[in-house]
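**Student:** Residue numbers (the UniProt record's numbering), protein chains in the order written: chain H, 1 to 540; chain A, 1 to 304; chain D, 1 to 304.
Backbone N, C-alpha and C define an ideal beta-carbon position, used for all residues, glycine too.
Note that the coordinates shown come from a computational prediction; the quantities given were computed from them, not determined experimentally.
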């Protein structure tokens, strides 16, 4: 028998879908010891979550089926235990936390009840469970713990919700904690805090942690060892530092190479003319000030990155510049004319110059229109751009320009991958021959390797067509390789504005420094230093 | 850098696709076949069988079913005047279907338009429209029908209008709710950024997305309206003899319940089977028209 | 909370006024009640006197205004047919209907929740198939036909149950049983659909990861979430029953408000018609308010 806390041997899982049988996990083996953190790294569809679900008996069967393998935990093969026996293990010896804590907490019960429930189903008396819940909530750092127990999930912030999930998972002091993308939806500073909390709790309890992630930075921050998965198979496994520096498999190398924040930074020339001058923009939403005196210049053919965490007002800024929302005060001069006070007829003409690419191409492309219809709609709205006879040829040309094949014009959005969809959205924006494209988190929903490709495409368009970009992101490294200037926002205000080099190499404001320190570097050595710097900053 | 994973191979045409999805659901298939027969009955029935449906036959009064001595038309028996029930059911299909179809089309069109208007106009117009819908909703629909038919006289057209009015709020509310949700979606904002007009957004972006939901509701509503029409005819304020509908046939058979149960039974069965088919079709449509649910049917179709 | 109630009350008030307007003018359009109440040979003098007495000589608008004033004082006038205050005719009938609706809905809700939840737990299983098919058939059956068949079978054929009246428990079985079928069919389907999506949600996954037992997952974690859309449908169905299960009441001779309404319209007893409508509308308004409060009770995210 094995001495490992958890050992997966030759696990294979398949799913029956419309497209036939999908081999989600193929012959996967790995192990995890007490007190150790193992990361499973992979992009979407790599099978990383399915492996974890197999451990927790969370795979729906059918359509899923475990075709072979063993899941050894404490010397027993979990796959051969009864449902009842596995229920006893779940929550008490193995616990799990999930990516999106809002949807994974029951919205209609207060969190105190939900945390106590973990203990009650495993035989703890109610009174003891309640007092224990209070201790746990205090431990994970929720302010006013007594009041918090009576509150409902929607009354907490995203980071607090994940802390509550952790409290719930640790209630029975499990030997193994599985964390499925636990920090993906969180802001960088919150992400760093949650990962630190997980690390501390592991030190206290000596549990094994299995963390599933797509983010090399998370691996570098927390994992002792890493398993890299691609298309259902393990392609590489080893000590985190070893894998990072001496990756042998081409896929691993590609993944590491695609990590943003490594390239040469832009050196914007000073000779450029401003095309857009924004001054003192204020926007209030029912007593809440979303934008508070935002001013900046955008130079022709350059990229301005707007960086900030959720609630910083960066998306509101995009909506206001494109007149999807009205500003309360301020001006935005586009070639000398104020966008905010322009009459509708003039605005209609100017819309050709200003285009937008949205965060999630799945939602920004009408699912019932073909690619041809999506792109040519621009000319149906602005008939003077292109006569109808030339639409077909131009659509083909645009598709090629964004790296797609012209014969894809008759397909529908759901037939494309995420990266391809974002290319379609870019082609649609280009159809109007704009001078400025606002990208609102345009690459955040994409896998790392695809992210790099889309950014390269945008930078190429900037160079060849002289389009200016406002690039909104929550992730600093993504911006580093692409921006000329960076504007950091917090709570509706501009905190810092400078060239990319100024902001990254010599940040002036504490908030920018904290943001940079909280960002996770894919290099484990760099990340170790950064963690120390961050802790020092927090201590100061 | 490698390329994105290859896209899914081109899909078969819409028609083949729907045929396959229909084959995958045996219940829906049966429902479609039955409804096709009913529609054919409604269109051709009066032409073919009107004469036999009107011919009185005193020897065959309340003739029991399954007796082929008097010809195959008598297989379901005959009514109090000796008219074959089979012919009468076939002929009655026309009025029954026409009233239901007319009411559904009328209410769906009006309701959808008002819903689009309510979802897209300012708060005041929207409130007026919604309050109107409330009034209709809080009004006992059968009572409204009784009063209106009493005033205007029970004709097919009036019946259609009354039934349509009572169903307008269903489409209105659904459309409005969906419009409010869809207009916040990103593809609508993308169209706004391109400069699309409100009309274009409503017609090109919002309506096609609401359409499947409306189709599903309309199918279900067809069944509902059929039942309501039958109820009115049963009460004697719907269609008047010599015109017939299935509901009226049930009503006419009621007084012979104890001696000749088949007079009411067969038309009732026709109603049940038709509404059941519509319900099954609506359930199937709900899945078949939803791109995220469709795979369930396509998967089954492949396997079988 | 109180501002919510005030807002709702205001909206309902507008709807109620709309109702009064429609009913009042529609019912006056059905003809002069004088012709109905006095013998044909009645002299003109007598007619005048009758009109004068009942205020029928005033301009329509004045009649309406007077009527509004009376309603505010809860005075619905005198029933022209029965020579007693309309409210005294309506209230007992309403109480009968209220009892019928309450008993039916209590049974429907309990049964539909259990059946729908269990069907959703094993989608495609044998229980699910049976439940889905029965609920579909139930939702498709015209109630008057079911009522007739039930009478033929249970009252006439087997002689087990009485056909009409309200005297004993046995009298209630047929009306409740017939009224049960359609709402049951509809609500089972809604519960099932809502439960399926609740059971595939993240929080159910969490509960499974916590080691919660299947029964507790269904009835504690999923059900309370799944109930939210179900409650709306329960409300709609209850409102339909309160509005008078006209046909079932007619067939079973049940002295409820639906039968009263139809009889009064046919007899042009306006005051009773109006009183009936206002009382049921008020009851439905109170019920909707209760439903909104239940919503808030079940879902902490809703705060009015």
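(1) Using the three-state DSSP reduction, which class does residue 184 of chain A fall into: helix, strand or coil?
(2) Are the C-beta atoms of residue 187 of chain A and some chain H residue less than 8 Å apart?
(3) Could you say if the segment 239–253 of chain D and the segment 222–238 of chain A meet the contact criterion of at least three C-beta pairs nearer than 8 Å?
(4) Specify, as a first and last residue, the run of the alpha helix (DSSP H) that residue 94 of chain H falls within.
(5) Does chain A have any CB closer than 8 Å to the CB of residue 15 of chain D?
(6) Report the residue ranges of all alpha helix (DSSP H) runs contained in full by the segment 442–492 of chain H; include only those spanning at least 4 residues, in chain order.
(7) Please name the residues in the segment 189–206 of chain D whose beta-carbon is closer than 7 Å to at least one beta-carbon of chain H, in chain order.
(8) If we call anything under 8 Å between Cβ atoms a contact, is residue 208 of chain H one with residue 35 of chain H?
(9) Suppose you measure from the CA of residue 3 of chain A to the CA of residue 272 of chain A; what does that come to, to the nearest Å?
(10) With 7 Å as the C-beta to C-beta threshold (strictly closer), list the residues of the segment 207–230 of chain A near chain H in chain order.
(11) Smallest Cα separation from residue 484 of chain H: which of H:161, H:248, H:216 and H:459?
(12) Taking 8 Å as the CB-CB cut-off, is residue 15 of chain H touching chain D?
(13) Is the segment 4–14 of chain D touching the segment 41–54 of chain D in the sense that three or more CB pairs, one from each, lie closer than 8 Å?
(14) Work out the CA separation of residue 8 of chain D and residue 82 of chain D for me, nearest whole Å.
(15) Using the three-state DSSP reduction, which class does residue 221 of chain H fall into: helix, strand or coil?
(16) Residue 196 of chain A touches chain H at which residues, Cβ-Cβ below 7 Å?
(17) Residue 293 of chain H by DSSP, collapsed to three states: which one?
(18) Can you confirm whether residue 58 of chain H, when its beta carbon is compared against all beta carbons of chain D, has any partner nearer than 8 Å?
(19) Would you give the residue range spanned by the alpha helix (DSSP H) that residue 249 of chain A belongs to?
(20) Under three-state DSSP, which class holds residue 16 of chain H?
(21) Using a Cβ-Cβ cutoff of less than 6 Å, which residues in the same chain neighbour residue 68 of chain D once the five nearest sequence positions on both sides are dropped?
(22) What is the residue span of the beta strand (DSSP E) that residue 285 of chain A lies within?
(23) Using a Cβ-Cβ cut-off of 7 Å (strictly less than) and excluding sequence neighbours within five positions of residue 22 of chain A, which residues of its own chain qualify?
(24) Against chain A, which members of the segment 122–140 of chain D pass a CB distance test of less than 7 Å?
(25) Do we get a CB-CB distance below 8 Å when we pair residue 366 of chain H with the residues of chain A?
(26) Looking at the unbroken beta strand (DSSP E) that takes in residue 109 of chain H, where does it start and where does it end?
(27) Would you check if the distance between the CB atom of residue 412 of chain H and the CB atom of residue 444 of chain H is smaller than 8 Å?
(28) At least one CB of chain D closer than 8 Å to the CB of residue 147 of chain H: is that the case?
(29) So, is the C-beta of residue 16 of chain A closer than 8 Å to a C-beta in chain D?
(30) Is there at least one non-hydrogen atom of the ligand MG closer than 7 Å to the beta-carbon of residue 26 of chain A?
(31) Using C-beta distances below 6 Å, list every residue in its chain close to residue 9 of chain A, excluding the 5 sequence neighbours before and after it, in chain order.
(32) List the residues of chain H that residue 225 of chain D touches, going by C-beta distances under 8 Å, in chain order.
(33) Hey, quick one: how far does the beta strand (DSSP E) through residue 390 of chain H stretch, first residue to last?
(34) Given residue 230 of chain D, which residues of its chain have a CB within under 7 Å of its CB, disregarding the five upstream and five downstream residues?
(35) Of all the residues that make up the segment 210–240 of chain D, which are near chain H by a beta-carbon distance shorter than 7 Å?
(36) Determine the DSSP secondary structure at residue 81 of chain A, reduced to helix, strand or coil.
**Tutor:** Taking the definition as stated:
(1) Per DSSP, reduced to three states, the secondary structure at residue 184 of chain A is coil, with no helix or strand assignment.
(2) True, the Cβ-Cβ gap to chain H drops below 8 Å.
(3) Segment contact: the segment 239–253 of chain D against the segment 222–238 of chain A, three or more CB-CB distances shorter than 8 Å; contact assigned.
(4) Taken as a continuous stretch (DSSP letters only), residue 94 of chain H belongs to no alpha helix (DSSP H), being part of the beta strand (DSSP E) at 94–97.
(5) Closer than 8 Å to some Cβ of chain A, the Cβ of residue 15 of chain D qualifies, so yes.
(6) Taking only runs of at least 4 residues, the alpha helix (DSSP H) segments lying wholly in the segment 442–492 of chain H are 448–465 and 476–480.
(7) Listed in sequence order: 201, 202, 203, 205 and 206.
(8) For the 8 Å CB-CB criterion, residue 208 of chain H and residue 35 of chain H form a contact.
(9) Residue confidence is low: residue 3 of chain A scores 39 on pLDDT, short of 50, so the model does not pin down where it sits. Its coordinate-derived value is still stated next. Their backbone Cα atoms lie some 56 Å apart in a straight line.
(10) Near chain H, meaning a CB-to-CB distance below 7 Å, the residues of the segment 207–230 of chain A are 208 and 209.
(11) That would be H:459, whose Cα lies nearest to the Cα of residue 484 of chain H.
(12) Interface flag for residue 15 of chain H against chain D is unset, since no Cβ pair is found closer than 8 Å.
(13) Taking 8 Å as the limit for Cβ pairs, the verdict is that the segment 4–14 of chain D does not touch the segment 41–54 of chain D.
(14) Distance from the CA atom of residue 82 of chain D to the CA atom of residue 8 of chain D, rounded to whole angstroms, is 36 Å.
(15) Here residue 221 of chain H sits in helix by DSSP.
(16) Listed by position along chain H, the residues whose Cβ is nearer than 7 Å to that of residue 196 of chain A are 381.
(17) Here residue 293 of chain H sits in strand by DSSP.
(18) For residue 58 of chain H, the nearest CB of chain D lies under 8 Å from its own CB, placing it at the interface with that chain.
(19) For residue 249 of chain A, the enclosing alpha helix (DSSP H) covers residues 246–253.
(20) The three-state secondary structure of residue 16 of chain H, taken from DSSP, is strand.
(21) There are no such residues.
(22) According to the DSSP assignment, residue 285 of chain A belongs to no beta strand (DSSP E) but to the alpha helix (DSSP H) extending over 262–288.
(23) Excluding its 5 nearest sequence neighbours in each direction, residue 22 of chain A has C-beta neighbours in its own chain below 7 Å: 28, 29 and 32, listed in chain order.
(24) Within the segment 122–140 of chain D, the qualifying residues are 136, 137, 139 and 140.
(25) Yes, its Cβ sits closer than 8 Å to a Cβ of chain A.
(26) Neither: residue 109 of chain H is in no beta strand (DSSP E) and is coded neither H nor E.
(27) The answer is no: Cβ separation not under 8 Å.
(28) With 8 Å as the cut-off, residue 147 of chain H does not count as an interface residue toward chain D.
(29) For residue 16 of chain A, the answer is no, since every Cβ of chain D falls outside 8 Å of its Cβ.
(30) The model on display carries no ligand, and the ligand MG is accordingly not part of it.
(31) Per-residue confidence for residue 9 of chain A stands at a pLDDT of 42, beneath the threshold of 50, marking its modelled position as unreliable; no derived number is given.
(32) Ordered by position in chain H, the residues that pass the 8 Å Cβ test against residue 225 of chain D are 106, 107 and 108.
(33) According to the DSSP assignment, residue 390 of chain H belongs to no beta strand (DSSP E), since it is labelled neither H nor E.
(34) The beta carbon of residue 230 of chain D lies closer than 7 Å to those of 187, 190, 191 and 194 in the same chain, with the five residues before and after it left out.
(35) Taking 7 Å as the Cβ-Cβ cut-off against chain H, the residues of the segment 210–240 of chain D that qualify are 210, 211, 212, 213, 221, 224 and 225.
(36) Residue 81 of chain A carries a coil assignment under DSSP once its states are collapsed to helix, strand and coil.
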